[in-house]
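Participant: Please find one structure pasted underneath; my questions will follow.
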Amino acid sequence: MQEQTRVAAWHALPTDAVLTQLQSTAAGLSSDQARERLQQQGPNALPAAASRGMLARFLSQFNNLLIYVLLGSAVVTALLQHWVDTGVILAVVLINAVFGFVQEGRAEKALDAVKAMVSSRANVLRDGLRMAVSAEELVAGDCVLLEAGDRVPADVRLLRASSLKLDEAMLTGESVAVDKSVDPVAADAALGDRFSMAYSGTLVAAGQGLGVVVATGPRTELGLISTMLGSVQTLATPLTRLMDRFARQLTITILSLSALMFCFALWGRGYDTADAFIAVVGIAVSAIPEGLPVVMTIALAIGVQRMAARYAIVRNLPAVETLGAVSVICSDKTGTLTRNEMSVRAVVLPGASFDIDGEGYAPQGRFSLKGEETEPVRHPQLLHFATGAALCNDAHVRHAEGKVWAVEGDPMEGALVTLAARAGLDVDQLRQDWHRLDEVPFDAVHRYMATLHRPLAAAPVVFVKGAPEQVLAMCRDQQSAEGVQALDTAYWLEQIDALAAKGYRVLGLASRVPADGKDSVDMADIKDLSLLGVLGMIDPPRDSAKTAVRECRSAGIAVKMITGDHAATAAAIARELALADTIRVTSGHELDGLNDAQLIDVARASTVFARTSPEHKLRLVQALQADRSVIAMTGDGVNDAPALKRADIGVAMGITGTAAAKEAAGMVLADDNFATIVAAVKEGRTVYENLRKVIAWTLPTNGGQAIVIVVAILLGLSLPVTPVQILWVNLVTAVALGLTLAFEPPEPTLMQRKPRSPDEQLLQPYLLWRVALVSLLFALGCFGMFEWSLRRGDPVELARTIVVNALVIMEIFYLFSVRYTQGTSLSLHGVLGTPAVLLGVAGVILAQLLFTYTPPMQALFDSRPVDLEAGVLAMGLGVVLLLLLEVEKLLLRRVKPDLRA
């Protein structure tokens, strides 16, 4: 037996040809053959994923430029023998590393989750006998028996199928069980259309079957997904890329400035080497925003908490901000945009067409005839149709106390039961009154189901439901309100096409009163039927999804549907949701013929992608990313895992999602609701805007401190502030005040803005201007207070303490200004701020009082008590700073009214 190959289109070959190629028979292999092939092919198992050791994963957390900057700060403070500051910085680095260590590697567990989808035992025919073997021992050519409840252990070409239905949601994403048969299908059939195959990891929902194994382990469709998942590279988040670029620019600036000042101090001012080094250390410490990583981490954590309150569970912190940058949402259809509940929307009878609405499987609903609401009881013909729909049916719809109505059985049959209930029929009583005598189960070949019933004191009646073309072919006449009529085949074909064009799944319903009155029925009796009508059903879109899609479009976010369902159904849902003004549908088969460059154009222009495979989903995500889009990808099945991992932010379903999907995703929806994604996008945008405010507030503090020290070196003056005092400002007051900005509520126009560009610089021109302006004002204020204090005869230690307090007071006033990028801060709400702002300011004031007046802090930071005159002057300095910045904002609003930092 040759090595298995995935090239063979097993689904397109007749069963005898499959057995011939595999050198097997319908009685299976012999034990010797199986043993020999197992040695050649290897076990039916997915390969183990290579994983890093714990130490390597922990050390990797330090491979970040901002962490290098912080570690450099720790070295600097250690050289200065300021061990408290060294400890604080190292503690910050360690906390970040531990958090990342815990969070990282969860996506790697997706491979283990995929492996758990493979069945552990399998029933096979060996030596002509049925036996149970470990699924890992299966080989190509083995004949496997499938029964309801089994998980398919390998990729199998069906040889026999008896009412066999498979749940392939984990591969195709579609929740409706698929009817299977042994007949070959087209070689280019989509994965969801290969009715002659049973794929590894799928579930047998009903019936029985026998199939021959055609692929095992990594050669199965599930194995292909596992291989793709292992090879997919997770992209850095937009915030990570921006912060890396920012840290790189900041590091280069600090090092360059420090080198220049060292040379100038050494040769231009005659400093000795030690003093020059200490002065340069002051520059580095002042320019590095040590508290910024801490504030950013906490701001992202706040975003996580806010999203959790909206049923969006974020698995790693950077994913919070990524949501705010999303420009395209690629969404699955079933259960995310739709309710995952089949519902009958239309019933066409001879001479009458009814539209039906209602939510889920609840019995409440409305019927309309020619656009006017009507009562079903006024239409006996409709009631008879609903009776047949409820009786030729094995499903039940139940309502547990405190819960929603739910179907037990096939969702499509559940929709028929709900139709009867909405028509006013008591289904349970109906089934008692119409005792079922016999049935012909649904068969994928004949495509119909028939049941024989004996109503109270009446002759038996056969009801038949199935594929409309099949039911129509078995009918002789039709039943109208006026009685039996000749069958109008052309009319019914037209109605069937019209319903299908709307994306409905169409079923036909017919009946017959057997002439012999016998109590049994078989296929020979299913003929000369009387057509009752046809119906169209669909999994309707969620009402919340419609609102969410409108909000996305308003925010400049494109929503694209990627589904395993048929094109007509997907397009109908897309139109109802108004995903775009013009709905363009592209099938998976069409995607196969496109190269990467062509795919980018098609991915950009299309709204719906139907009958897609896992490879299609991954290629589409990559194509959209190549088009400079930031992608959020939703999914719930194993088939979605590679695309979820590759997307900028993968979003898995919490209720219906598989473990593999959840592990590969960055966010999990606790309610499986598309509207939750949009709410999370809003929170993500809020987080980003607040982070910009944090940076706009933090950098001027560092810039002002750096300018003060540089100018002092250039002029040969005493340093107005010491490195340890700078660390106090950067690590304590800066963190406490900057953190308050993370609690800022979203701005009213947040979801009317277009998504920001992936290439957007963190430091926009206006932000650079603001940093430069405020840094200069801070430096002038600090120098002014320092010189004023020295000229009145204060010792340098007191002058430095006054400078630190003036710097903190200016920070507080600037905090109120930066809360509004353009709008005025001179309003009641602007002055009062949020509770977080007031609490942060109160905490910093208390910290400064301790810094200034308590002996332990005086000993640690070389501070001195500040008198009332100096305190009042520092407060006045803060007020002047706020007024100057409000004038600056007023002038800029007039020049560029659409400006934002």
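Using the working numbering, you'd call the opening residue of the sequence shown number 1 and step up by one each time. Note that beta-carbon positions come from the ideal geometry of N, C-alpha and C, so glycine has one too.
Here's the rule: buried if 16 or more other CB atoms are within 10 angstroms of the residue's CB, otherwise exposed. What is P745?
Facilitator: Sequence index remark: in the sequence shown, residue 745 carries index 745 (1-based). So P745 ends up on the exposed side.
Participant: Could you give the uninterrupted runs of the alpha helix (DSSP H) lying entirely in the stretch 651-723, keeping only those of 4 residues or more?
Facilitator: List check, alpha helix (DSSP H) in window: 659-664 and 674-715.
Participant: In this structure, does DSSP put Q249 in helix, strand or coil?
Facilitator: In the sequence shown, the residue the question calls residue 249 occupies position 249. If DSSP states are grouped into helix, strand and coil, Q249 belongs with the helices.
Participant: Hey, could you find the ends of the beta strand (DSSP E) R512 is sitting in?
Facilitator: Sequence index remark: in the sequence shown, residue 512 carries index 512 (1-based). R505 to R512 is the span of the beta strand (DSSP E), which, as asked, contains R512.
Participant: Can the beta-carbon of A140 be found less than 7 Å from the beta-carbon of L22?
Facilitator: In the sequence shown, residue 140 corresponds to position 140, counting from 1. In the sequence shown, residue 22 corresponds to position 22, counting from 1. Yes, the Cβ-Cβ distance between A140 and L22 is below 7 Å.
Participant: Which class does Y448 belong to by DSSP, given the choice of helix, strand or coil?
Facilitator: As a first step, residue 448 is located in the sequence shown; it is residue number 448 there, counting from the start. Y448 falls in the strand class under three-state DSSP.
Participant: Is DSSP giving G878 helix, strand or coil here?
Facilitator: In the sequence shown, the residue the question calls residue 878 occupies position 878. Helix at G878.
Participant: Got a sec, what are the start and stop residues for the beta strand (DSSP E) R756 sits in?
Facilitator: The residue given as residue 756 occupies position 756 in the sequence shown. Per DSSP, R756 belongs to no beta strand (DSSP E) and is neither H nor E.
Participant: So if DSSP puts C143 in a beta bridge, which residue, or which two residues, is it bridged to?
Facilitator: One-based indexing of the sequence shown puts residue 143 at position 143. In the DSSP output, where bridge partners are listed per residue, C143 has L125 and V212.
Participant: In the structure shown, what three-state DSSP assignment does S196 receive?
Facilitator: The residue given as residue 196 occupies position 196 in the sequence shown. Here S196 sits in coil by DSSP.
Participant: Looking at L222 and S200, is the spacing between their C-beta atoms short of 7 Å?
Facilitator: Numbered from 1 along the sequence shown, position 200 holds the residue referred to as residue 200. Numbered from 1 along the sequence shown, position 222 holds the residue referred to as residue 222. Yes. Within cutoff.
Participant: If you count every other CB in all the chains shown that lies within 10 Å of the CB of P902, and 16 or more means buried, which is it?
Facilitator: This structure gives no information on residue 902, because the portion of the chain shown stretches from 1 to 901.
Participant: Sort out for me which residues DSSP pairs D355 with in a bridge.
Facilitator: Locating residue 355 in the sequence shown gives position 355, counting from the first residue. Paired residues: A346 and S368.
Participant: Take the Cβ of R37 as the centre, count every other Cβ of all protein chains shown within 10 Å, and call the residue buried at 16 or more, exposed below.
Facilitator: As a working note, residue 37 is residue 37 in the sequence shown. Buried.
Participant: Given this structure, state the Cα-to-Cα distance separating I496 from E469, to the nearest angstrom.
Facilitator: Locating residue 496 in the sequence shown gives position 496, where the first residue counts as 1. Locating residue 469 in the sequence shown gives position 469, where the first residue counts as 1. Using only the alpha carbons, I get a separation of about 8 Å.
Participant: State the CB to CB distance for the pair V735 and V295, rounded to an integer number of angstroms; the pair is presumed to be in contact (CB under 8 Å).
Facilitator: Locating residue 735 in the sequence shown gives position 735, where the first residue counts as 1. Locating residue 295 in the sequence shown gives position 295, where the first residue counts as 1. Contact holds; Cβ gap of about 6 Å.
Participant: Would you decide whether C263 is buried or exposed? Buried here means 16 or more other CB atoms lie within 10 Å of its CB.
Facilitator: Counting from 1 along the sequence shown, the entry for residue 263 is found at position 263. Under this definition C263 is an exposed residue.
Participant: Please list, in chain order, all residues of the same chain as T824 whose beta carbon is under 8 Å from its beta carbon, the five residues on each side excluded.
Facilitator: The count along the sequence shown starts at 1 and reaches residue 824 at position 824. Cβ neighbours of T824 beyond the five flanking positions: G830, E886, K889 and L890.
Participant: Helix or strand or just coil, what does DSSP make of V118?
Facilitator: Taking the first residue of the sequence shown as position 1, residue 118 is located at position 118. Because V118 sits at a pLDDT of 44, beneath the cut-off of 50, its placement in the model cannot be relied upon, and the following sentence gives the value as read from the coordinates. Coil at V118, not helix or strand.
Participant: Looking at the strands, I want to know which residues DSSP matches up with V440.
Facilitator: By one-based count along the sequence shown, residue 440 stands at place 440. Paired residue(s): A450.
Participant: If we ignore side chains and look at the alpha-carbon of each, how far apart do V630 and D244 end up?
Facilitator: Sequence index remark: in the sequence shown, residue 630 carries index 630 (1-based). Sequence index remark: in the sequence shown, residue 244 carries index 244 (1-based). Each residue's Cα considered, the two are about 18 Å apart.
Participant: Counting Cβ pairs closer than 8 Å, one from the stretch 457-475 and one from the stretch 486-494, do we hit at least three?
Facilitator: They touch, by the three-pair rule.
Participant: Is the beta carbon of S162 within less than 6 Å of some heavy atom of the ligand FAD?
Facilitator: Ligands are entirely absent from the displayed structure, and the ligand FAD is therefore not among its contents.
Participant: Is the distance from the Cβ of T202 to the Cβ of L166 below 7 Å?
Facilitator: Position 202 of the sequence shown, counted from the first residue, corresponds to residue 202. Position 166 of the sequence shown, counted from the first residue, corresponds to residue 166. Yes, Cβ-Cβ distance for T202 and L166 is below 7 Å.
Participant: From A107 to Y68, what distance separates their C-alpha atoms?
Facilitator: For the purposes of this step, residue 107 is identified with residue 107 of the sequence shown, where counting begins at 1. For the purposes of this step, residue 68 is identified with residue 68 of the sequence shown, where counting begins at 1. Confidence in A107 is poor, its pLDDT being 35 and thus under 50, which makes the residue's placement unreliable; the coordinate value appears in the next sentence. Straight-line Cα distance between these residues: approximately 26 Å.
Participant: Skipping 5 residues on each side, what residues in its chain have a beta carbon closer than 7 Å to that of V427?
Facilitator: Looking up residue 427 in the sequence shown gives position 427. Excluding sequence neighbours, V427 sits near A390, V417, A420 and A421.
Participant: Here's the rule I'm using: 16 or more other beta-carbon atoms within 10 Å means buried, otherwise exposed. How should G533 be labelled?
Facilitator: The residue labelled residue 533 in the question sits at position 533 within the sequence shown. That one is buried.
Participant: Helix, strand or coil, according to DSSP, for E408 in the structure here?
Facilitator: Here residue 408 corresponds to residue number 408 of the sequence shown, with the count starting at 1. Of the three classes helix, strand and coil, the one that applies to E408 here is strand, per DSSP.
Participant: Since S530 sits in a beta bridge, which residues does DSSP pair it with?
Facilitator: The count along the sequence shown starts at 1 and reaches residue 530 at position 530. Beta-bridge pairing links S530 to D477 and S511.
Participant: Should T854 go down as buried or exposed, given a rule of 16 or more other Cβ atoms within 10 Å for buried?
Facilitator: Position 854 of the sequence shown holds residue 854. By the neighbour-count rule (16 or more Cβ atoms within 10 Å), T854 is not buried but exposed.
Participant: Ignoring anything shorter than 3 residues, give me the beta strand (DSSP E) runs that lie fully in the stretch 537-615, in order along the chain.
Facilitator: For the stretch 537-615, whole beta strand (DSSP E) runs of length 3 or above, ordered along the chain, are 558-562, 585-587 and 608-610.
Participant: Who are the Cβ neighbours of G351 in its own chain at under 7 Å, not counting the five residues just before and after it?
Facilitator: In the sequence shown, counting from the first residue as 1, residue 351 sits at position 351. Closer than 7 Å at Cβ, skipping near neighbours: S480 and A481.
Participant: What is the residue span of the alpha helix (DSSP H) that H11 lies within?
Facilitator: Locating residue 11 in the sequence shown gives position 11, counting from the first residue. Element bounds for H11: n/a, residue is neither H nor E.
Participant: Could you tell me the alpha carbon to alpha carbon distance between F62 and R315, rounded to whole angstroms?
Facilitator: In the sequence shown, the residue the question calls residue 62 occupies position 62. In the sequence shown, the residue the question calls residue 315 occupies position 315. Straight-line Cα distance between these residues: approximately 20 Å.
Participant: Short of 6 Å in beta carbon distance, which residues of its chain neighbour H11, apart from the five on each side in sequence? Order them along the chain.
Facilitator: Here residue 11 is taken as the residue at index 11 of the sequence shown, counted from 1. Correct list, in chain order: V185, R194, S196 and M197.
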